[in-house]
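Structure first, commentary second.
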Amino acid sequence: MNIKRIRFDEFGPYRDWSFTTGDNGVQLMYGPNESGKTSLLEGMRNLLFGGTHKAYGSMTGAIDVDRNGESYYIGRKGKQLDFYSPGNPAIHEEPAQHWWHGIDKKTYNRIFALTLDDLQGLDVLQEVEVRSRFFGAEGGEHLGGAVKDVEKGATDLLVASSNGKRRINVLMDELKENRQKLSQLAEHEAQYVELQTVFHSTEQTEMELQNQLKEWKEYRDGIDVVLRAWDTYRRSEEARMHMQQYNSELALSRDEFLRLDEEIKRARDNMQLWQEKEAALMPANFSPDSPFGTYGQDIEDLIQQGAKWEQLRRECEEGDAYIRKVREQLEFSRTLHSAWRHDEPMAEDINWFDGERLASRLRTAKEQLLHWQDRKPVEATDEVPTANLEGASLPNFSEEELAKKEYLERELDRILMDIDRVEARRNSPGSDAQPTILPKWLQRISGIGAVIAVLVVLAGLLVLESALYTIGGFIFLILSMGLFWYATWRLHNGNSDVSKLNYELQILSSRKSDVEHQLEALIKAATPTASPVPSLEGVAHLERWIQEGHTLQGIYDEALAAWQNWLPQGAAKSLDEDDFFGLKHEYDQYHEQLRTIEGYEKRLAEHKEGLRIIEDQAMALWYNLGIEAPVSPTELKRIYNQYKNFQQNKIVWEQKEAQRKSFRNEYDNWHRKEKELLLRQQELLHKAGMESSNEYRQHLIDEDQYKQWQTIYKQSQVQLDLLAPDAENKDLFYRRLREGNKDNWLDELAHSEREIASIEDKLATLYERRGQIVEAMRTLGSDQEQHQMLQEREALQSELESALEDWATQVLISHCMDKAQQSYEQEKQPHMLELASSYVERLTGERYTLDILGINKGVALINNNGERLELKFWSSGLADQVYLALRLALAKVFSYQVESLPIILDDILVRFDENRQRSALELLAELGKNQQIWLFTCQRSVYDMAQSIMGIDCHRLSRS
Numbered sequence: 006m007n008i009k010r011i012r013f014d015e016f017g018p019y020r021d022w023s024f025t026t027g028d029n030g031v032q033l034m035y036g037p038n039e040s041g042k043t044s045l046l047e048g049m050r051n052l053l054f055g056g057t058h059k060a061y062g063s064m065t066g067a068i069d070v071d072r073n074g075e076s077y078y079i080g081r082k083g084k085q086l087d088f089y090s091p092g093n094p095a096i097h098e099e100p101a102q103h104w105w106h107g108i109d110k111k112t113y114n115r116i117f118a119l120t121l122d123d124l125q126g127l128d129v130l131q132e133v134e135v136r137s138r139f140f141g142a143e144g145g146e147h148l149g150g151a152v153k154d155v156e157k158g159a160t161d162l163l164v165a166s167s168n169g170k171r172r173i174n175v176l177m178d179e180l181k182e183n184r185q186k187l188s189q190l191a192e193h194e195a196q197y198v199e200l201q202t203v204f205h206s207t208e209q210t211e212m213e214l215q216n217q218l219k220e221w222k223e224y225r226d227g228i229d230v231v232l233r234a235w236d237t238y239r240r241s242e243e244a245r246m247h248m249q250q251y252n253s254e255l256a257l258s259r260d261e262f263l264r265l266d267e268e269i270k271r272a273r274d275n276m277q278l279w280q281e282k283e284a285a286l287m288p289a290n291f292s293p294d295s296p297f298g299t300y301g302q303d304i305e306d307l308i309q310q311g312a313k314w315e316q317l318r319r320e321c322e323e324g325d326a327y328i329r330k331v332r333e334q335l336e337f338s339r340t341l342h343s344a345w346r347h348d349e350p351m352a353e354d355i356n357w358f359d360g361e362r363l364a365s366r367l368r369t370a371k372e373q374l375l376h377w378q379d380r381k382p383v384e385a386t387d388e389v390p391t392a393n394l395e396g397a398s399l400p401n402f403s404e405e406e407l408a409k410k411e412y413l414e415r416e417l418d419r420i421l422m423d424i425d426r427v428e429a430r431r432n433s434p435g436s437d438a439q440p441t442i443l444p445k446w447l448q449r450i451s452g453i454g455a456v457i458a459v460l461v462v463l464a465g466l467l468v469l470e471s472a473l474y475t476i477g478g479f480i481f482l483i484l485s486m487g488l489f490w491y492a493t494w495r496l497h498n499g500n501s502d503v504s505k506l507n508y509e510l511q512i513l514s515s516r517k518s519d520v521e522h523q524l525e526a527l528i529k530a531a532t533p534t535a536s537p538v539p540s541l542e543g544v545a546h547l548e549r550w551i552q553e554g555h556t557l558q559g560i561y562d563e564a565l566a567a568w569q570n571w572l573p574q575g576a577a578k579s580l581d582e583d584d585f586f587g588l589k590h591e592y593d594q595y596h597e598q599l600r601t602i603e604g605y606e607k608r609l610a611e612h613k614e615g616l617r618i619i620e621d622q623a624m625a626l627w628y629n630l631g632i633e634a635p636v637s638p639t640e641l642k643r644i645y646n647q648y649k650n651f652q653q654n655k656i657v658w659e660q661k662e663a664q665r666k667s668f669r670n671e672y673d674n675w676h677r678k679e680k681e682l683l684l685r686q687q688e689l690l691h692k693a694g695m696e697s698s699n700e701y702r703q704h705l706i707d708e709d710q711y712k713q714w715q716t717i718y719k720q721s722q723v724q725l726d727l728l729a730p731d732a733e734n735k736d737l738f739y740r741r742l743r744e745g746n747k748d749n750w751l752d753e754l755a756h757s758e759r760e761i762a763s764i765e766d767k768l769a770t771l772y773e774r775r776g777q778i779v780e781a782m783r784t785l786g787s788d789q790e791q792h793q794m795l796q797e798r799e800a801l802q803s804e805l806e807s808a809l810e811d812w813a814t815q816v817l818i819s820h821c822m823d824k825a826q827q828s829y830e831q832e833k834q835p836h837m838l839e840l841a842s843s844y845v846e847r848l849t850g851e852r853y854t855l856d857i858l859g860i861n862k863g864v865a866l867i868n869n870n871g872e873r874l875e876l877k878f879w880s881s882g883l884a885d886q887v888y889l890a891l892r893l894a895l896a897k898v899f900s901y902q903v904e905s906l907p908i909i910l911d912d913i914l915v916r917f918d919e920n921r922q923r924s925a926l927e928l929l930a931e932l933g934k935n936q937q938i939w940l941f942t943c944q945r946s947v948y949d950m951a952q953s954i955m956g957i958d959c960h961r962l963s964r965s
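Sequential numbering from 6 applies to the sequence shown in this note's numbering.
Here you go:
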């Protein structure tokens, strides 16, 4: 049977909706979540089997079906059925009764019309209805009802339980109780009151135990619900977490983006194709986009400066060597200075005015102090040494005076050594310091020549008025001035060393006299003398002289300290005021030579600047050409040769210009198209607020993931709502799921079971005890009661024998029917399992098959290595594939026995990977040749994949 057309007048989200199927056996309906796929499934169920949907209510619609080449119309409006074949009388039976031997809606929903939740589990194989219809003999659809009736009749008579309340159980309990009563009636009546008291206490104990039992059962039931919902809740939480992870508020244009992405890829493939064709025309080791073509003129310009480049490099290297040598000579000349130390740098900025002023001040203070010593009073000079038995009196120095004396003696020794060194240099035979007489004569001759030249010029201008005399006079004047300058230079260079040594010797002699004078004064001051008794006037004069000496000494010390503080960096520390002009002369001479060197360095810097400009141009050219070799004229020549080779190859390249332009035009056309597509894609990205296409593509993937997890979350929530208790305990139910631990709840369940068993044991013991008490009390009754008990026992025995006979008959009938059913199942079930095993092999890429031989141990798989994989080790995707294979096999078996019914599958490929999704689609397309299959999906990848498989009609679901 095939469905040809569906019409929903009003059902759920559908209003005035219709759909006509394609020609192929598989009808794939693609639509996103909330597009109405599950509602369509429910509507098709209701149209085929009737009924009322718990959320949408009654169905109003119709379907047109084709059965054995004949058309039928099945319409429903609420409970009203409109079932007929055009041109024939109406059919008043349900289609299930009329065509399919009364298969019920539940069985159809478990086998043919499946959601992902309906697909789960293997318990469908154990249902009596399925076993009788799918594995039984002809008419097996009635066998199930008969078996149920027989089993119900046997169960109504007897259950295998000590607490059973069926007819035989009750009769046996009553007979047992009757016998106990009869045995106890013979006891003594004195125990009656005591037994009555104990009986009332047992009632109180029973009430307490019943309350405890009720509480523990409620607690156990709550834990049991939690455990049954545990895995579903965890799956729901995982789905919610992933929904939060993949949730996005962006409105994405999936179809437009994927279309643009595919067109961009095609444009780039064509660009690469034409670019490769153009590259095939290119000579070896040649690229038209080479930087040699762009920077060829720069190479030509730089090669023209090659000679200048080499010359500047050579001049700079020689100049650096010359300056280094001259500076070494200048530093050596500093070692010849007497006023400056060569081991310290010479100060740059010196205030010579302050130095000259401080030197003059020190000289004046020194002269005043010497003049004061010359004016020593008579009282101070007529000193008579005191008598000393050992000889003359010795100086008596203090520690400070002794230290000063030692310092002066060391200073005197150094000065004497410097005098000997200077005299030795001046008197050495090979010294250049010998004066010469020639420069003086040259100066005189040049002076006379200059006077004569001036006279000749005046005569030529004023007397003779001759230009020749005037020019000759000027030339003679210039030559005389040049000769005078040369003589002066020779005189200066010839006498400079002698003058310098004489000047240095004069300074050292002056310093020697000063040190000797200070040492003599120190010894004299420390030598004790016998002072005669002066007069009052002499004493006063002496005191004034001494006071004046102290004042002058303070002035001298202050001037000396100021002079020493002024001495610049690098100057000798032993210089006095007479060394000032020598110090300045050596400073000016050194800096004059230094300025000469700096002038040459400046000219050398200009050459280096010119060299730097050329090398910067070369470095820029090297960078533009992508060359990493060092910058040099030699490398420039090598680059120039490469440039010449490039020009030759370019000529060859241009000869193929027409063909290359054709290829380039094709490339440019695709390049422009790529740009247009990229602009459109960029507009789409900008509209979505994204930076790149990869980010957009990732958001599309996240959106798919979000929808898949949302489906799982909703399904889990539906299951949880079904498992959740009433509203009063729903909060406790969810709190236990959030805060608990499964192992702890299992322990709690076991504990509650033990407590319930313990309480039930106590109650059983209590009931037994109370029964004994009641029997004892009845025994203590009258003989008439015993007579009644005997009559009651006979009646109970007679009734029990009749009930046992009926029960044995029912059990025997049930056993025979079960044996018959098993016999048919052994014949029919292996064929179904073989079909299911082949489907599993197809769905898993020939990796697994069903373990048919070990089916009695439970459903399991066999891999390619022959290893058995039990149910507990299956992944969720593999389990879905096995469940689908079993349902397809059952549907196939039903088509052999009765008729091929339409199979409706709603999003059952969600947990399949891409390879197994394709395998499933190919299997469904093959089965669809003989049986109509409807496949609903929310996955775009499944929809795209199905379009490439023959035998599948692909539709987009729309409720409009």
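Glycine included, each C-beta is placed from N, C-alpha and C at the ideal position.
What do you get for residue i, buried or exposed, if any count of 16 or more other CB atoms within 10 angstroms of its CB means buried?
{"i": "Lys186", "result": "buried"}
{"i": "Tyr901", "result": "exposed"}
{"i": "Met955", "result": "exposed"}
{"i": "Thr770", "result": "exposed"}
{"i": "Trp22", "result": "buried"}
{"i": "Met64", "result": "buried"}
{"i": "His97", "result": "exposed"}
{"i": "Ile551", "result": "exposed"}
{"i": "Pro907", "result": "buried"}
{"i": "Asp437", "result": "The predicted position of Asp437 is uncertain, since its pLDDT is 44 and thus under 50; no value can be drawn from it."}
{"i": "Ala577", "result": "exposed"}
{"i": "Ala535", "result": "Only weak support exists for where Ala535 lies, its pLDDT of 45 falling under 50; the coordinates are left without a value."}
{"i": "Gly694", "result": "exposed"}
{"i": "Ile957", "result": "buried"}
{"i": "Leu53", "result": "buried"}
{"i": "Ser946", "result": "exposed"}
{"i": "Pro18", "result": "exposed"}
Thinking just about the alpha-carbon of each residue, which of the options is nearest to the one in residue i?
{"i": "Val428", "options": "Glu372, Glu509, Leu447 and Lys410", "result": "Position check: residue 428 holds Glu in this sequence, whereas Val was assumed. Nearest of Glu372, Glu509, Leu447 and Lys410 to Glu428, Cα basis: Glu509."}
{"i": "Leu484", "options": "Leu506, Gly454 and Gln511", "result": "Gly454"}
{"i": "Ser803", "options": "Arg329, Asp707 and Glu179", "result": "Glu179"}
{"i": "Ala755", "options": "Ile228, Leu684 and Ala67", "result": "Ile228"}
{"i": "Ala808", "options": "Arg12, Met177, Arg72 and Glu99", "result": "Met177"}
{"i": "Lys222", "options": "Ala769, Ile761 and Gln378", "result": "Ile761"}
{"i": "Glu614", "options": "Lys678, Leu317, Asp325 and Leu705", "result": "Leu317"}
{"i": "Leu805", "options": "His106, Val70 and Asn174", "result": "Asn174"}
{"i": "Ala256", "options": "Thr57, Glu875, Gly324 and Leu689", "result": "Leu689"}
{"i": "Val331", "options": "Arg600, Glu765, Ser241 and Gln653", "result": "Arg600"}
{"i": "Ile632", "options": "Val230, Leu52, Val31 and Ser295", "result": "Ser295"}
{"i": "Ile1027", "options": "Val845, Leu962, Asp911 and Ile619", "result": "Because the chain here runs from 6 to 965, residue 1027 falls outside it and cannot be looked at."}
{"i": "Asn356", "options": "Trp812, Glu211, Asn570 and Met212", "result": "Asn570"}
{"i": "Ile560", "options": "Arg852, Lys9 and Leu367", "result": "Leu367"}
{"i": "Glu182", "options": "Asn629, Val779 and Leu513", "result": "Val779"}
{"i": "Leu626", "options": "His612, Leu641 and Leu616", "result": "Leu641"}
{"i": "Leu683", "options": "Lys270, Ile913 and Ser206", "result": "Lys270"}
Could you tell me which residues DSSP pairs with residue i in its beta bridges?
{"i": "Tyr853", "result": "Asn868"}
{"i": "Gln85", "result": "Lys82"}
{"i": "Gln32", "result": "Trp939 and Asp958"}
Measure the beta-carbon distance from residue i to residue j and round it to whole angstroms, keeping in mind my assumption that it falls under 8 Å.
{"i": "Met351", "j": "Gly575", "result": "4 Å"}
| task | With a floor of 4 residues, list each alpha helix (DSSP H) that falls wholly inside the region 892 to 943, ordered by position along the chain. | result | Listed in chain order, the complete alpha helix (DSSP H) runs (minimum 4 residues) inside the region 892 to 943 are 919 to 932.
| query | Whole alpha helix (DSSP H) runs in the region 205 to 291 with 4 or more residues, listed along the chain? | reply | Complete alpha helix (DSSP H) runs here, min 4: 259 to 285.
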